[in-house]
């Protein structure tokens with residue numbers, strides 16, 4: 010992925026807000042309702058910065074409320090393919106030891122882009138032998154299954170983000186330990202060209218939040 014410094018991100022965000030001043034009103038309204046709205050345009054911008062031979066190409070991101078439709082082209086075992094599907098966030102359970110996210114995948118497709126390609130993967134996809142209506146079953150048998158893929162079955166996938174390499178770092182864990190007593194994520198849904206993140210303040214109550222923060226800072 011192309012490396013983005015803080016200056017590049019600030020310039021991009023500033024340019025977007027200049028062209029879309031209505032976002033400032035939306036941000037204020039969301040703040041009152043304990044929500045954060047991420048414009049899908051921002052996700053498209055980040056996707057466009059992906060670089061490298063293994064990076065996805067021609068990424069499409071659209072709101073299919075309450076889900077988000079994603080499509081991309083990439084090479085799968087020397088086979089050019091285009092994958093697409095709609096992702097729904099069914100459940101979020103953030104705690105001190107786990108960051109669980111249940112995803113539901115619908116209308117998944119995987120097509121070979123070059124008719125001249127003759128590879129085992131191309132033959133398998135053209136045969137229609139793969140049941141893409143149950144992508145979780147396919148993910149469960151990945152030869153290099155990522156550690157944060159906790160469970161996969163049918164069209165359901167459960168991720169434990171705490172197992173992602175970025176969250177195994179001590180600094181990230183300390184930040185999470187500080188934030189979790191104060192605010193939690195209740196829901197994520199796509200709506201009106203935005204990814205809406207609903208938050209909940211003091212999810213375990215003010216007393217527990219104070220107690221956990223005291224334990225954290227050693228008071």
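Residue numbers (the numbering used here): 10 to 228.
Idealized CB from N, CA, C, for every residue including glycine.
All of these numbers come straight from a predicted model, not from anything done at the bench.
Pull up the CB-CB distance for residue i and residue j, whole angstroms please, since I reckon it's below 8 Å.
i, j, result
"residue 115", "residue 94", "7 Å"
"residue 41", "residue 197", "Between residue 197 and residue 41 the Cβ distance is about 19 Å, and since that is not below 8 Å, they are no contact."
"residue 207", "residue 44", "5 Å"
"residue 83", "residue 100", "Contact flag wrong, Cβ pair sits at about 28 Å."
"residue 166", "residue 112", "5 Å"
"residue 141", "residue 118", "6 Å"
Go through its chain and collect everything with a Cβ distance to residue i's Cβ below 6 Å, but skip five positions before and after it.
i, result
"residue 172", "156, 157"
"residue 87", "128"
"residue 52", "70"
Starting from residue i, trace the alpha helix (DSSP H) both ways and give me its first and last residue.
i, result
"residue 145", "144-149"
"residue 1", "Because residue 1 is not part of the residues shown, which for the chain are 10 to 228, the question remains open."
"residue 17", "15-28"
"residue 35", "31-41"
Excluding the five sequence neighbours on either side, which residues of its own chain have a C-beta within less than 8 Å of the C-beta of residue i, listed in chain order?
i, result
"residue 69", "78, 79, 80, 81, 93"
"residue 10", "Confidence in residue 10 is poor, its pLDDT being 48 and thus under 50, which makes the residue's placement unreliable; the coordinate value appears in the next sentence. Around residue 10: 58, 59, 60, 61, 64."
Can you give me the Cβ contacts of residue i inside the same chain, cut-off strictly under 7 Å, excluding the 5 residues immediately before and after it?
i, result
"residue 103", "189, 193, 194"
"residue 177", "none"
So residue i is in the beta strand (DSSP E); what residue range does that whole segment cover?
i, result
"residue 62", "Segment: none, residue 62 is in no beta strand (DSSP E) and carries neither H nor E."
"residue 156", "Note, residue 156: premise wrong, no beta strand (DSSP E); not H, not E."
"residue 208", "203-210"
"residue 168", "165-169"
For the 8 Å Cβ check, are there 3 or more pairs between the segment 179-188 and the segment 203-211? Taking 8 Å as the limit for Cβ pairs, the verdict is that the segment 203-211 does not touch the segment 179-188.
For the segment 96-147, which segments carrying the beta strand (DSSP E) assignment without a break, of at least 3 residues, lie completely within its bounds, in sequence order? Those beta strand (DSSP E) runs which fall completely within the segment 96-147 and span 3+ residues are 108-121.
Is there contact here, the segment 161-175 with the segment 143-151, by at least three beta-carbon pairs under 8 Å? Enough Cβ pairs lie closer than 8 Å, so yes.
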